[in-house]
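Right, one structure below, let's go through it.
The structure is reproduced here in structure tokens:
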């Protein structure tokens, strides 16, 4: 894990482990670890030599390094690498583009071995525009993020796509090409993943970096409006959270004061055609209580835009109660439960929706106006949740999809009810 962390251009790691009698090859990649049988190298010296020569290759790609990330000249006297370039090959245009790093280290990275291994870099294009490069290993069964970003081009308030690279089918672009095939009934099958790279504009900071209420209200307003536009374009975001709403650039006009980013868990809008769908996506602390309480139940309704609207509410709740020091001890139990397991999180969120919040329940560091926004937002979500519960009940038996379609027919009102709350304090 430390090798991956210190070498962010690392795609996989291969090492030799030797004892007095045996040698073994171990490979670590984004599907986990796999290893060879113990090889008696005294009996098979040629095998040992081949292994050593292979792991001593001067070919960086064969050693597991991404050759599209190149460091600059080493700093005189320190031996430290300096910012270099990241190149992107677009299959559609058949063109290479090169972006200059603004720093040696990624601005964000996930260090667990198994997973998406997301890396984000600040870069500059040839025209001097600051951009973000995002690398990730995406499950082959999912649509790539660039698919949804291409669909979202021109949708106001949604992250825009500048460039992308899809390594599907390339030798070092899919896990299945880095591993031997599994024998039937032997070992645990792994989930194939594909390396994807996207380039997007660099927006502002995440919401929790500010306690300026008007700025937060404006960002939430425009992100919610953007979510509806994205829905109308045929895409459901499915991962609304604190980290996926950014402030717009300084001086951004109305509509761009908050930017909805990260479409890597997005899905096509199909909750009308498939009212039952076990897929659960999102960030635990902001997932809707329906998705959490219904996890594993046969008749849980599919993820829909109402779940995402509820996620906007939980995002606001966390801003109020979890990002500042305050005296409201009662809220901490809820916050802790929201971030526990799915069942407890879902039950705690349902209870929070029914709790009658008063202005005196709002931390003193927030204004009374902010308290009124939270209370009104809670009332809207409580009403919607009750209406949905009346249709699906305990989610343990069949329910009428026509009733759900009737509820979804009020989509415009559902969004406008929330936007009106924010409009009252913005204008």
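Numbering (full-length UniProt numbering), first residue to last: 1 to 427. Beta carbons are placed, not taken as given, at the ideal position from N, Cα and C, and that holds for glycine. The structure presented is a predicted model; accordingly, all values stated were derived computationally and were not measured.
{"Check": "Buried versus exposed call for residue 38 [16 or more other C-beta atoms within 10 Å across all chains shown]", "Outcome": "exposed"}
{"Check": "N-terminal and C-terminal residue of the alpha helix (DSSP H) that residue 364 is part of", "Outcome": "Element bounds for residue 364: n/a, residue is neither H nor E."}
{"Check": "Beta-carbon proximity list for residue 453, same chain, < 7 Å, skipping 5 on both sides", "Outcome": "Because the chain here runs from 1 to 427, residue 453 falls outside it and cannot be looked at."}
{"Check": "Residue 81 to residue 68 span [Cα, whole Å]", "Outcome": "16 Å"}
{"Check": "Complete runs of the alpha helix (DSSP H) confined to the stretch 362-399 [at least 4 residues]", "Outcome": "368-392"}
{"Check": "Three-pair Cβ contact test at 8 Å for the stretch 248-255 versus the stretch 200-217", "Outcome": "yes"}
{"Check": "Touching by the beta-carbon criterion (3+ pairs, under 8 Å), the stretch 190-198 and the stretch 137-152", "Outcome": "yes"}
{"Check": "Same chain, Cβ closer than 7 Å to residue 231, neighbours up to 5 away in sequence not counted", "Outcome": "269, 305"}
{"Check": "Whether residue 290 touches residue 343 by CB criterion (9 Å)", "Outcome": "no"}
{"Check": "Through-space distance from residue 224 to residue 261, alpha-carbon basis", "Outcome": "12 Å"}
{"Check": "Exposure of residue 166, with buried meaning 16 or more beta-carbon neighbours within 10 Å", "Outcome": "buried"}
{"Check": "Proximity to residue 288 [Cα-Cα], best of 351, 330, 322", "Outcome": "351"}
{"Check": "CB of residue 255 within 9 Å of CB of residue 222, strictly", "Outcome": "yes"}
{"Check": "Spatial neighbours of residue 36 in its chain, beta-carbon cut-off 7 Å, leaving aside the 5 residues before and after", "Outcome": "24, 25"}
{"Check": "Sheet register partners of residue 136 (DSSP bridge)", "Outcome": "196"}
{"Check": "The stretch 380-388 touching the stretch 326-333, judged by at least three CB pairs closer than 8 Å", "Outcome": "no"}
{"Check": "Contact check, residue 30 vs residue 64, beta carbons under 9 Å", "Outcome": "no"}
{"Check": "Alpha-carbon to alpha-carbon, residue 239 and residue 340", "Outcome": "18 Å"}
{"Check": "Rounded straight-line distance, which links the Cα of residue 373 to that of residue 237", "Outcome": "24 Å"}
{"Check": "Contact belief for residue 118 with residue 101 at Cβ below 8 Å, rounded distance in angstroms", "Outcome": "Actually they are not in contact, since the Cβ atoms of residue 118 and residue 101 sit about 17 Å apart, beyond 8 Å."}
{"Check": "For residue 29, the residue or residues it bridges with in DSSP", "Outcome": "32"}
{"Check": "Continuous alpha helix (DSSP H) stretch holding residue 314: start and end", "Outcome": "305-321"}
{"Check": "Classification of residue 94 by the beta-carbon crowding that lies within 10 angstroms, buried from 16 upward", "Outcome": "exposed"}
{"Check": "Stretch-stretch touch, CB-based, cutoff 8 Å, three pairs: the stretch 321-328 with the stretch 355-364", "Outcome": "yes"}
{"Check": "Span of the beta strand (DSSP E) around residue 166", "Outcome": "163-166"}
{"Check": "Proximity below 9 Å, CB of residue 408 to CB of residue 271", "Outcome": "yes"}
{"Check": "8 Å Cβ shell around residue 241 - same chain, five flanking residues per side excluded", "Outcome": "282, 283, 285, 286, 311, 315"}
{"Check": "Residues near residue 235 by beta carbon distance below 8 Å, same chain, minus five either side", "Outcome": "148, 151, 152, 263, 266, 267, 268, 269"}
{"Check": "Contacts around residue 40, its chain only, beta-carbon distance under 7 Å, and the 5 residues preceding and following it disregarded", "Outcome": "21, 22"}
{"Check": "Residue 424 - DSSP class collapsed to helix/strand/coil", "Outcome": "helix"}
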